[in-house]
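Its first residue numbered 56, the sequence shown is counted upward by one per residue in the working numbering.
What follows is a set of notes on a single structure, which appears directly below.
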Amino acid sequence: MKRWIVFFAAIALILSGCMQRTTTEEEVVQEDSEQQETSIVPSHKLSEENYRMILPYKASEARGVITSQVANRVDIDEMEQGLRRLSKEVYDPEEYYFQEGQYFNSDRVYEWIDALNPEVELGSDEKTYRDNPRYLTHILEQNYLKQTEDGNVNLEGISIGLAMKSVYQFQTDVGEPYLYENISEKEMMEVATDVAQNIIKDIRENDEELSDIPIMIAVYREAEQSSPVPGNFVAKTNIPGGSSSFDGWEDVDEENILFPSEEGQKKYFDDQELVTSFGNEIRDFFPNYVGMVGEGFYMGGELQKLRIDIPIEFYGKGEIIGFTQYVYGLVQDMFPNYYDIEINISSSQKNESLLYRGAGEEDINVHIFD
56 MKRWIVFFAA
66 IALILSGCMQ
76 RTTTEEEVVQ
86 EDSEQQETSI
96 VPSHKLSEEN
106 YRMILPYKAS
116 EARGVITSQV
126 ANRVDIDEME
136 QGLRRLSKEV
146 YDPEEYYFQE
156 GQYFNSDRVY
166 EWIDALNPEV
176 ELGSDEKTYR
186 DNPRYLTHIL
196 EQNYLKQTED
206 GNVNLEGISI
216 GLAMKSVYQF
226 QTDVGEPYLY
236 ENISEKEMME
246 VATDVAQNII
256 KDIRENDEEL
266 SDIPIMIAVY
276 REAEQSSPVP
286 GNFVAKTNIP
296 GGSSSFDGWE
306 DVDEENILFP
316 SEEGQKKYFD
326 DQELVTSFGN
336 EIRDFFPNYV
346 GMVGEGFYMG
356 GELQKLRIDI
366 PIEFYGKGEI
376 IGFTQYVYGL
386 VQDMFPNYYD
396 IEINISSSQK
406 NESLLYRGAG
416 EEDINVHIFD
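So, in structure tokens, the structure goes:
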């Protein structure tokens, strides 16, 4: 009975939190080389770890390029979120505002991608393709702005993410079967260095308004196209304003691990065993359970967030509530609270419920979808 009371109290907390929130806003002037625009800066943000965003929201000048270039949806999400995460080390969310990239449009990004990849004619032999893979997939821009005392908001920093392949997929001709070439991280980083140097040189020489803007560049290593978990950032560097000098890379120790998997078993045995035991507990009580997919995000070898997706078929709302309540109890009993944990429960029709607990928190937030 106690667990049911806590469970429904968690739902009530979510509902009351949504109803009580109010927001005040502030007008600012955003300047660029062509015009001034009056924008709105919300006075609240979702958490201390998130950037405030300027309204009305302006989509990237290269909007849509990433979805046409990066094949795996999970890589798209992780690259965008991960670049913001790395940017926090350079551009403090307490002082900076986030905006999607406004300086490099689709044509510019495609020009870079074509110019900085090896050129191979369609119909070349297999060896030519294998010796000249298209390493660079996408160039992601993010802008970071600061508010001045007179109410203006100015660009004060740029982050650029370079999406690089870990596996090159190619055809020797239209209609031919796809072939694959693995790309080592060492080889990828050698190319990424050349790419970064060329992009910085081009920006400093041809974008006068960006000549004194600091630029952070990070290298993202994509997962295979069919991978259920994303790749990860592997390196970064900071270019001071007014400089074109590239002084080498700083390693980024991040990785996303699939549970259960051979890699998970080898690298993080205890975490994999815990996820497996969690699945076994569910299987013992719910015959419709067919399995789950877990994803662990690690920094410096330490688990930061565990996400578990549970697909299962239900035959009524009561069954959904009962299953969610059971999972709630398992999370409370089995998982420590020193990392974020997110459980997504879905049927073939839709997402059914969500459970979330932040690192260091005791209570689990629960939402059952209508």
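Where is the CB? At the ideal position from N, CA and C, for every residue including glycine.
Since the model is a prediction, treat every value here as computed from it, not as a measurement.
Here the stretch 322-331 does not lie against the stretch 294-305, with fewer than 3 beta-carbon pairs under 8 Å apart. Burial of Tyr353 is indicated by the presence of at least 16 other C-beta atoms within 10 angstroms of its C-beta. Apart from the 5 residues on each side of it in sequence, Tyr165 sits with its Cβ closer than 8 Å to the Cβ of Val120 in its chain, given in chain order. Taken through DSSP and simplified to helix, strand or coil, Val382 comes out as helix. Contact check for Leu191 against Asn172 passes: the beta carbons are separated by less than 8 Å. Among the bridge pairs identified by DSSP, Met219 is matched with Leu191 and Arg276. Listed in chain order, the non-local C-beta contacts of Tyr146 below 7 Å within the same chain comprise Tyr199 and Gly212, local neighbours out to five positions each way being set aside.
Rounded to whole angstroms, the Cβ separation of Met271 and Lys241 is 23 Å, and the two are not in contact under 8 Å. Its chain contains Leu195, Gln197, Ser214, Gly216 and Ala273 as the residues whose beta carbon lies nearer than 7 Å to that of Leu138, once the 5 sequence neighbours on both sides are disregarded; these appear in chain order.
Taking a 10 Å sphere around the C-beta of Met347, we find 16 or more other C-beta atoms and assign the residue as buried. Straight through space, the alpha carbons of Glu133 and Met108 are spaced by roughly 19 Å. DSSP places Tyr165 in no beta strand (DSSP E) but in the uninterrupted alpha helix (DSSP H) bounded by Ser161 to Ala170. At a Cβ-Cβ threshold of 8 Å, Val382 and Val284 do not count as neighbours.
For Tyr152, no alpha helix (DSSP H) segment is defined; the enclosing uninterrupted segment is the beta strand (DSSP E) at Tyr152 to Glu155. Just so you know, the alpha carbons of Asp262 and Asn237 end up roughly 36 Å apart. In this structure the stretch 181-189 touches the stretch 224-237; the number of beta carbon pairs closer than 8 Å is three or more. As the crow flies, the alpha-carbon of Glu149 is around 47 Å from that of Phe340. Pairing Tyr184 with Thr227 gives a Cβ-Cβ distance under 8 Å. Straight across, the Cα-Cα distance linking Lys405 with Ile365 is about 12 Å. Looking at the DSSP output, Ile400 shares a beta bridge with Ile365 and Ser408.
In this structure, Ile400 sits away from Ile376, with a CB-CB distance that is not shorter than 8 Å.
For Arg139, no pairing in a beta bridge is given by DSSP. Taking the C-beta atoms as reference points, Ser221 is found nearer than 8 Å to Gly286. With a cutoff of 8 Å on beta-carbon distance, Ser161 and Ala117 are scored as near each other.
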